[in-house]
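Following: one structure in structure tokens, then a few remarks.
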Amino acid sequence: MTNQYTELYEEVKGLLAKQSCQALNNVRDKAMETFKSLGLPTRKVERYRYTDVEKAFEPNYGLSLAPLTIKGIPYVYAMKDAPIDVTPYYNKVADAAVKADGTPVSIQQLKGEYKPDALTALNTALAHDALLVHIPKGTKVNTPIRIENILSGEQDTMIVRRVLIVMEECSDATIFFVDHAKNDSNFLTLQVIEVVAKDGAHLDMYELEETHEKCNRFSNLYIKTGKDVTVRHNNLTLSNGVTRNGIEVYLQGTESEVYLNGAVIADRRQHVDNNTIIDHQVPRCTSKELYKYVIDDNAVGAFAGKIMVREDAQQTSSQETNNNMCASSDARMFTQPMLEIYADDVKCAHGSTVGVMDEAALFYMQQRGIPLETARTLLKTAFISQVVDEMKWESFRDRLHILVDKRLSKEERCGSCRICSPLPTSPRGGEAGE
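As structure tokens, then:
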């Protein structure tokens with residue numbers, strides 16, 4: 005299976021070099037060598053033990069390599085203090101060509117310099133384009149930045165996405181990613197997002213997946229923080245095929261906080277695997293993690309979360325929680341919370357639960373005239389709402405409660421509640437941009 009993609013790379017690397025920027029081209033060969041040495045992950049690789057990567061990557065997907073000309077790109081949002089840049093990079097863009105506030109922004113971070121991961125290496129080798137979101141120093145963004153990925157095509161297609169988010173010192177922004185699928189084709193999404201949050205930065209980040217059963221998504225998110233940084237990441241899977249989300253957080257500056265919230269609703273034969281690592285490298289940092297799953301029918305859920313506390317990371321505070329509901333006897337949930345602590349002045353806890361529907365509660369509601377299916381939906385909704393309520397973006401939180409209710413009620417999807425829907429209002433009072 006690895007050879008299938010190494011051969012693909014040899015066929016297209018010339019075209020990739022012509023259509024991409026030098027910063028990406030400089031690291032392709034090295035990334036492919038890493039991918040060759042690691043090979044496509046199998047279940048023997050600990051972090052991928054719950055997902056059959058080879059099966060998802062087996063079809064002969066078409067790979068789109070031609071850069072798209074999209075009206076309105078690059079987006080520049082006019083702000084009071086400085087503009088924000090949301091810019092796609094092609095071959096005409098130099099390594100430090102964006103000057104949103106008069107200062108070049110380097111995209112040299114697009115190297116995948118983390119713990120070796122085969123899928124990140126493959127993404128680095130095959131990405132012909134990257135999206136840079138740059139928030140200048142001291143800029144407070146009053147409207148959420150919405151990045152919408154719409155999968156469309158008549159043929160089975162592989163999409164390789166690379167995103168770099170640079171939060172300069174004391175910047176503040178909300179960024180919202182959403183995945184949709186317009187066609188009933190087979191799609192494979194290979195995504196890598198890198199976040200660099202410098203001293204005093206504040207980032208609220210949302211990822212919402214609403215695709216279909218023929219969509220396979222493999223996403224790796226990397227977050228590095230400076231001092232006094234707050235990052236909130238909210239990851240929601242409402243409809244999909246096979247999804248595997250990897251998150252690695254590196255707390256590298258003191259007094260920083262990171263919050264990871266995740267909600268999963270899966271039924272039929274859907275598969276959702278969330279794998280997280282929070283690495284406390286310095287003293288006086290806080291992390292809190294909450295993931296909740298509702299698994300029904302023959303669906304499979306998996307969660308593996310590791311909290312690493314280094315020897316120098318004294319006065320660390322960390323809490324990891326994974327709660328799961330299996331709503332049918334055929335549903336399967338795998339959970340693996342982990343702590344690895346080398347410091348002695350810490351406050352850390354972790355736990356997980358896997359349970360079934362509360363029969364007593366169901367009986368109580370039926371006795372009061374609530375139909376069984378409605379009662380089951382109410383229990384599921386109440387269970388998942390804890391994660392939704394953790395979100396700070398009020399208008400999106402309210403809308404998500406509606407989407408969760410529709411999803412659990414198994415209402416038919418329509419354009420009005422997907423691609424054509426109006427955008428939620430800003431958490432700070434404005435309208436979301438796109």
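When we follow this note's numbering, the leftmost residue of the sequence shown carries the number 5, and every step to the right adds one.
All C-beta atoms in this analysis are idealised placements derived from N, C-alpha and C, irrespective of residue type, glycine included.
Within 10 Å of its beta-carbon, does residue i have 16 or more other beta-carbons around it, so buried, or fewer, so exposed?
i      : result
Met342 : exposed
Asp402 : exposed
Gly373 : exposed
Glu198 : buried
Asp188 : exposed
Gly116 : Confidence at Gly116 is low in this model, with a pLDDT of 48, below 50, so the placement of that residue should be treated as unreliable; the coordinate-derived value is given next. Label assigned to Gly116: buried.
Phe387 : buried
Arg47  : exposed
Gln159 : exposed
Ile154 : exposed
Lys119 : exposed
Lys22  : exposed
Thr378 : exposed
Leu376 : exposed
Gly230 : buried
Asn7   : exposed
Lys396 : exposed
Glu14  : exposed
List the DSSP bridge partners of residue i.
i      : result
Ala270 : Ile299
Arg3   : Outside the shown range of the chain (5 to 438) lies residue 3, about which nothing can therefore be said.
Asn238 : Tyr210 and Asn265
Ala306 : Asp277 and Phe338
Ser156 : The partner list for Ser156 (beta bridge, DSSP) is empty, contrary to what the question assumes.
Glu315 : Glu315 is not bridged to any residue.
Asn326 : Tyr295 and Ser356
Leu67  : Met162
Starting from residue i, follow the alpha helix (DSSP H) in both directions and report where the run begins and ends.
i      : result
Val358 : Not the alpha helix (DSSP H): Val358 falls in the beta strand (DSSP E), residues Val350 to Val360.
Asn7   : Thr6 to Gln23
Met369 : Glu363 to Gln371
Ala60  : Val57 to Phe61
Ala131 : Premise fails: Ala131 is in no alpha helix (DSSP H) and is neither H nor E.
Asn29  : Gln26 to Asn29
Along the beta strand (DSSP E) that carries residue i, what are the first and last residues, could you check?
i      : result
Asn249 : Val246 to Leu255
Asp176 : Asp176 to Ala185
Asp283 : His275 to His284
Glu37  : Premise fails: Glu37 lies in the alpha helix (DSSP H), Arg32 to Leu42, not in any beta strand (DSSP E).
Ser223 : Cys219 to Thr229
Thr385 : Careful: Thr385 lies outside any beta strand (DSSP E), inside the alpha helix (DSSP H) at Leu376 to Asp393.
Lys410 : It is not in any beta strand (DSSP E) - Lys410 instead sits in the alpha helix (DSSP H) that spans Glu398 to Leu412.
Val199 : Phe191 to Ala201
Ala331 : Premise fails: Ala331 is in no beta strand (DSSP E) and is neither H nor E.
Thr161 : Thr161 to Met171
Quick check: what's the CA-CA separation for residue i versus residue j?
i      : j      : result
Gln195 : Val350 : 34 Å
Gly359 : Met329 : 5 Å
Val16  : Tyr9   : 11 Å
Arg272 : Asp409 : 17 Å
Ile227 : Met171 : 11 Å
Tyr1   : Asp176 : In this structure the chain extends from 5 to 438, so residue 1 is not present and cannot be described.
Gly43  : Ser260 : 35 Å
Val391 : Leu12  : 41 Å
Glu315 : Ala306 : 29 Å
Thr38  : Leu382 : 48 Å
Asn95  : Leu19  : Because Asn95 carries a pLDDT of 34, less than 50, the predicted location of this residue cannot be relied on, and the following value inherits that uncertainty. Using only the alpha carbons, I get a separation of about 11 Å.
Ser413 : Val167 : 34 Å
Leu366 : Asp300 : 16 Å
Thr339 : His275 : 14 Å
Tyr52  : Pro45  : 7 Å
Leu407 : Glu394 : 16 Å
Leu255 : Ala331 : 36 Å
Pro287 : Met361 : 41 Å
Arg221 : His184 : 12 Å
Met369 : Thr325 : 28 Å
With residue i and residue j assumed to form a contact (beta carbons below 8 Å), what rounded beta-carbon distance in angstroms separates them?
i      : j      : result
Glu50  : Met5   : Not really, about 19 Å apart at Cβ, beyond 8 Å.
Asp277 : Asn302 : At roughly 16 Å, the Cβ-Cβ gap does not stay under 8 Å, so Asp277 and Asn302 are not in contact.
Gly257 : Asp232 : 7 Å
Ser223 : Gly250 : 7 Å
Val145 : Ile139 : 6 Å
Thr241 : Thr234 : Between Thr234 and Thr241 the Cβ distance is about 24 Å, and since that is not below 8 Å, they are no contact.
Phe180 : Pro148 : 5 Å
Gly245 : Lys218 : 6 Å
Leu264 : His237 : 5 Å
Ile281 : Glu293 : With 8 Å as the limit, Ile281 and Glu293 do not qualify as a contact, their Cβ atoms being about 11 Å apart.
Ile441 : Val304 : Since the first residue of the chain shown is 5 and the last is 438, residue 441 is not available in this structure.
Asn239 : Glu211 : 5 Å
Ser24  : Asp133 : 7 Å
Ala131 : Val164 : 5 Å
Thr320 : Ala347 : 6 Å
Leu67  : Met162 : 5 Å
Ala35  : Ala122 : Incorrect: roughly 10 Å between the Cβ atoms, too far for contact.
Nearer than 7 Å: is that true of the beta carbon of residue i relative to any heavy atom of the ligand GTP?
i      : result
Glu315 : No copy of the ligand GTP appears in this structure; indeed no ligand is present at all.
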